[in-house]
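In my numbering, the protein residues as written are 79 to 355. Using N, Cα and C, we set each Cβ at its ideal position, and we do this for glycine too. If you're wondering where the values come from, they're calculated on a predicted model, not measured in any experiment. Only one structure is covered here, and it is reproduced in the block below.
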Amino acid sequence: MNGKLTVVGTPLGNLGDLTDRAREALASADLVLCEDTRRTGGLLSKLGIGGPKMLVSNEHTEAGAIGRMLSKIEAGGHVVLVSDAGMPAISDPGNRLIGAAVEAGVEVDVAPGPTAAVVALVLSGLPTDRFVFEGFIPRQGPARTQRLAEVAREKRTVVIYEAPHRLVRTLAELIEICGGDRLAVVARELTKMYQDVQRGNLESLHQHFVDESPKGEFVIVIGPSSSIQTVISDEDLICLLQAERAGGVSTRDTVAKVATITGASKRRVYELANALD
Ligand code: SAM
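Here is the structure:
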């Protein structure tokens, strides 16, 4: 393979964030794979770059795009992958395509750009030494409950992408499962004119957004659970155990669920459950 694939990060909303390397990669591309040719065409024309052929590569067209990418690279071409904004493959298409290039032995390079998760994490002021990127959590059903429970007991900072119309509901559900006093930050419209960062806890953030119809793009950053684990009282654990048991669930399952939700050790929850018998 004589050509190569360059994965290019594009601005989240501020053209000033486009790097020189990104500009050079786009200017030298023989083929640009993108989510939306109008959007990427707009970016190329703002940069004064005319010419490179564009091809849509999204979850529906990715298989065909992989074939086109590989034949272009085999012929010595330079293929560039972008998404609408931020880094391709981060809650955006691209991962399968990059995997296919790696698998085929293609040279893969990256011209890094901003990604909303990292911008929000850094701005949040919450611990950055260890963090988890959750992307968009499932919208409903047991998969959502399970994911929220994992967030509740997570000992690293958690970063979640959320759509504006689901922000308030997600904050309310996070309060139910993590407690209202869990530290959190909501970052809106990062790098854009109306960038806004609200810091507080889940309760105060819910209060802040509940009376508006939030608009724009949002990232929720949630602090680690360690503080919760040390403060949860026996009384609160007993309350949860009684509520679960009222539903006729076995002691074993009740203990497992309460331990998962609260982050308390199973042993401690078992002892409390046994004392209730
Ligand atoms: N690939 C992108 C990245 O690198 O961040 C993410 C694309 S994903 C389809 C879009 C989601 O990212 C939005 O719903 C929002 O949660 C987050 N996002 C993207 N741009 C943002 C911004 N400027 N401010 C806040 N969140 C943003």
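Cβ-based neighbour list, LEU249, same chain, cut-off 7 Å, excluding 5 preceding and 5 following: Here residue 249 refers to the residue found at position 171 of the sequence shown. Closer than 7 Å at Cβ, skipping near neighbours: LEU280, LEU283, HIS284, PHE287.
Mind listing, in chain order, the continuous alpha helix (DSSP H) runs of no fewer than 4 residues lying wholly within the stretch 115-158? You should have 115-124, 140-152.
Leaving out five residues before and five after GLU251 in sequence, what residues of the same chain have Cβ atoms less than 7 Å from its Cβ? Looking up residue 251 in the sequence shown gives position 173. These residues qualify, in order along the chain: LEU226.
For the stretch 181-197 and the stretch 85-93, state whether three or more C-beta atom pairs, one from each stretch, are separated by less than 8 Å. Touching, yes, given that three or more Cβ pairs across the two stretches are closer than 8 Å.
Does the stretch 200-214 come into contact with the stretch 111-121, if we say contact requires no fewer than three beta-carbon pairs (one atom in each stretch) closer than 8 Å? no
Given a cut-off of 8 Å on the beta-carbon distance, is the pair SER135 and LEU90 in contact? Taking the sequence shown and counting its residues from 1, the one referred to as residue 135 is at position 57. Taking the sequence shown and counting its residues from 1, the one referred to as residue 90 is at position 12. Contact flag unset, no.
Does ligand 1 have even one heavy atom less than 7 Å from the beta-carbon of ASP203? By one-based count along the sequence shown, residue 203 stands at place 125. Note on residue identity: the sequence assigns Gly, not Asp, to residue 203. For GLY203, the Cβ stays outside the 7 Å cut-off from all heavy atoms of ligand 1.
Which residues in the same chain have their Cβ closer than 6 Å to the Cβ of VAL275, if we skip the five residues on either side of it in sequence? Position 197 of the sequence shown, counted from the first residue, corresponds to residue 275. Counting only Cβ-Cβ distances below 6 Å, and skipping sequence neighbours, we find LEU201, ALA265.
First through last residue of the alpha helix (DSSP H) which encompasses TYR348: Reading the sequence shown from its first residue, position 270 is the one you call residue 348. Segment 344-354, the alpha helix (DSSP H) holding TYR348.
Residue interval of the alpha helix (DSSP H) (run including ASN80): As a position in the sequence shown, residue 80 is number 2, starting the count at 1. Careful: ASN80 lies outside any alpha helix (DSSP H) and carries neither H nor E.
With distances taken from CA atoms, which of ARG116, ALA178, LEU245 is nearest ALA143? To locate residue 143, count along the sequence shown from 1; it is residue 65. Ranked by Cα distance from ALA143, the first of ARG116, ALA178, LEU245 is ALA178.
Alpha carbon to alpha carbon, how far is GLU267 from LYS124? Give it in angstroms, no decimals. Numbered from its first residue, the sequence shown carries residue 124 at position 46. Numbered from its first residue, the sequence shown carries residue 267 at position 189. Rounded to whole angstroms, LYS124 to GLU267 spans 21 Å at the Cα level.
Rounded separation between PRO192 and ASP331 - CA only: Indexing the sequence shown from 1 puts residue 192 at position 114. Indexing the sequence shown from 1 puts residue 331 at position 253. Straight-line Cα distance between these residues: approximately 43 Å.
How would you write the range of the alpha helix (DSSP H) that ARG244 sits in, first residue to last? Residue mapping note: residue 244 aligns to position 166 of the sequence shown, counting from 1. It is not in any alpha helix (DSSP H) - ARG244 carries neither H nor E in the DSSP assignment.
Alpha carbon to alpha carbon, how far is GLU295 from THR329? The sequence position of residue 295 within the sequence shown is 217, counting from 1. The sequence position of residue 329 within the sequence shown is 251, counting from 1. Cα to Cα, GLU295 sits roughly 43 Å from THR329.
Where does ILE306 sit, in a helix, a strand or coil, going by DSSP? For the purposes of this step, residue 306 is taken as residue 228 along the sequence shown, with counting starting at 1. Any reading at ILE306 must be qualified, since the residue scores a pLDDT of 46, below 50, and its modelled position is unreliable; the value itself is stated next. Residue state, collapsed to three classes: helix.
Please state the DSSP three-state secondary structure of ALA105. For the purposes of this step, residue 105 is taken as residue 27 along the sequence shown, with counting starting at 1. It is helical.
Inside the stretch 164-246 only - beta strand (DSSP E) runs reaching at least 3 residues: Counting only runs of 3 or more residues that sit fully inside the stretch 164-246, the beta strand (DSSP E) segments are 185-189, 209-214, 235-240, in chain order.
Ligand 1 heavy atom lying under 7 Å from the CB of GLY164: Mapped onto the sequence shown, residue 164 falls at position 86. Checking the Cβ of GLY164 against ligand 1 gives yes.
Which whole-angstrom value is the C-beta distance of LYS64 and ASP108, which I expect to be below 8 Å? Outside the modelled stretch of the chain, which goes from 79 to 355, sits residue 64, for which no answer is possible.
Backbone secondary structure at GLY326 - three-state DSSP: To locate residue 326, count along the sequence shown from 1; it is residue 248. The answer is coil: DSSP assigns GLY326 none of H, G, I, E or B.
Compute the Euclidean distance between the alpha carbons of ASP312 and LEU350, then round it to the nearest angstrom. As a working note, residue 312 is residue 234 in the sequence shown. As a working note, residue 350 is residue 272 in the sequence shown. Cα-Cα distance, rounded: 8 Å.
In the structure shown, what three-state DSSP assignment does VAL160 receive? Within the sequence shown, residue 160 is the residue found at index 82, counting from 1. In the structure shown, the three-state DSSP call for VAL160 is coil.
Using the Cβ count rule (16 or more neighbours within 10 Å means buried), how would you classify SER343? Locating residue 343 in the sequence shown gives position 265, counting from the first residue. Under this definition SER343 is an exposed residue.
Along the chain, where does the beta strand (DSSP E) that runs through LEU261 open and close? As a first step, residue 261 must be located in the sequence shown, where it is residue number 183. LEU261 -> beta strand (DSSP E) spans 261-266.
Nonlocal neighbours in the same chain, by C-beta distance under 8 Å from LEU315, ignoring five residues either side: As a working mapping, residue 315 is identified with position 237 in the sequence shown. VAL336, THR340, ALA342, ARG346, VAL347, LEU350, listed in sequence order.
Where do the ends of the alpha helix (DSSP H) carrying GLN285 lie? As a first step, residue 285 must be located in the sequence shown, where it is residue number 207. Per DSSP, GLN285 belongs to the alpha helix (DSSP H) from 280-288.
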